[in-house]
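*Asks:* So that we are looking at the same thing, I have put the structure below in structure tokens.
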Ligand code: ZN
Ligand code: ZN
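Numbering (our numbering), first residue to last: 25 to 387.
Listed below in structure tokens is the structure:
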């Protein structure tokens, strides 16, 4: 079990540095990260000495199970959350309280301001998220599991692909296999793009069938023990389109160039640029219209981002996706996505699904 106490202690030191007395954690994922509690509608108040989880009747048993020892306040029926928070703030005699600017709603802040007179609410950003960027050993192991489960599910799908299957059916089957192999569920609704639908980086599942084209793009991932994986492969299900082979080679080289650039101290935007350069040199700069990658952990899109403008550096313990793509509207697209751990020595690619073009050809 992760040391949640240590995580909260680290946060306290950070709050002290920022001159904030306490932090009201309203982001559900951050609450999970700091306590192990996986329910929702619950806030965590981290003060300089204590932590108090404000929740309601529905979660009493779950709280006892998931975060034994944590101080919990169950609000009475008829008491609204802002009233419970206001009372807690007053009981702790807090003068200033940090709030999470990206999850606190305007409505809740208005209510809290009315409820907790004299308390100053200080917007903060990325406080807990920045801790979440660096994964500890337990987290890395959980991500490894999520990768492995996703890969096993994919192997089953790949072996059983047939022309009659629709995008929706394949997505459904991925979910099924992920659960069968012990995962909680898909980490997001899989993208299954047959032929030209692969040109939509976030295609919505349709009834298009595998047999309607010669290739299919599948972007999928598993969630296991709360942590996620995120992978993309293209499979050739019909005759090999010569253009596909050419584009695939460019994307694969771009991905490898970026992976090679990953090490502690590497500037995030430069890793993005390493892939982008390969695609640009091949004359397709405009066809790679998204950033290279994102952090994965408790969420499928989290900090950091491998993108232009990101001048921070990579640190050991970060886990990022590397997913360059080239898309032609009306024809299709190629994206290759793997999950990469930044290690002290450089990097480790956590995913193992073969990327060789020859192995993507099923026919
Ligand atoms: Zn993906
Ligand atoms: Zn991704």
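Note that CB positions come from ideal geometry on N, CA and C, so glycine has one too.
Does at least one heavy atom of ligand 1 sit under 7 Å from the Cβ of residue 256?
*Replies:* yes
*Asks:* Could you pull the DSSP bridge partners for residue 248 from this structure?
*Replies:* DSSP lists 251 as partners of residue 248.
*Asks:* Name the two residues that bound the continuous beta strand (DSSP E) containing residue 104.
*Replies:* Where residue 104 is concerned, there is no enclosing beta strand (DSSP E), given that its DSSP letter is neither H nor E.
*Asks:* Just to confirm before moving on: does the CB-CB distance between residue 143 and residue 119 stay below 8 Å?
*Replies:* yes
*Asks:* Confirm, please, whether the CB-CB distance from residue 121 to residue 67 is below 8 Å.
*Replies:* no
*Asks:* Helix, strand or coil for residue 91 per DSSP?
*Replies:* For residue 91, the three-state secondary structure derived from DSSP is coil.
*Asks:* Given a threshold of 16 other Cβ atoms within 10 Å of its Cβ, counted over all protein chains shown, does residue 49 qualify as buried or as exposed?
*Replies:* Residue burial annotation: residue 49 is buried, with at least 16 other C-beta atoms found within 10 angstroms of its C-beta.
*Asks:* Jot down the residue ranges of each uninterrupted alpha helix (DSSP H) in the region 154-227, minimum 4 residues, whole runs only, in chain order.
*Replies:* Listed in chain order, they are 161-184, 191-204.
*Asks:* Is it right to say residue 82 is buried, meaning 16 or more other beta carbons lie within 10 angstroms of its own, or is it exposed?
*Replies:* exposed
*Asks:* Flag residue 107 as yes when its Cβ comes closer than 7 Å to any non-hydrogen atom of ligand 1, and as no otherwise.
*Replies:* no
*Asks:* Buried or exposed for residue 234, please, with buried defined as at least 16 other CB atoms from any protein chain shown within 10 angstroms of its CB.
*Replies:* buried
*Asks:* What residue range is occupied by the uninterrupted alpha helix (DSSP H) comprising residue 35?
*Replies:* 28-42 is the extent of the alpha helix (DSSP H) around residue 35.
*Asks:* Would you mind working out which of 43, 358, 186 sits nearest residue 258, comparing C-alpha positions?
*Replies:* 358
*Asks:* I need the DSSP call for residue 59, collapsed to helix, strand or coil.
*Replies:* helix
*Asks:* On a CA-only basis, which of 351, 245, 55, 365 is nearest residue 288? Give me that one, please.
*Replies:* 365
*Asks:* For a test of the three-state rule: what should DSSP assign to residue 302, helix, strand or coil?
*Replies:* helix
*Asks:* Can you tell me whether DSSP reads residue 235 as helix, strand or coil?
*Replies:* If DSSP states are grouped into helix, strand and coil, residue 235 belongs with the helices.
*Asks:* Pairs of beta-carbons, one from the region 290-306 and one from the region 328-341, closer than 8 Å: are there three or more?
*Replies:* yes
*Asks:* Beta-carbon separation of residue 226 and residue 215 under 8 Å?
*Replies:* yes
*Asks:* Report the CB separation of residue 59 from residue 250 in whole angstroms; it is logged as a contact under 8 Å.
*Replies:* No, residue 59 and residue 250 are not in contact; Cβ-Cβ is about 12 Å, not under 8 Å.
*Asks:* The alpha helix (DSSP H) spanning residue 269 covers which residue range?
*Replies:* Run containing residue 269: 266-285, per the alpha helix (DSSP H) assignment.
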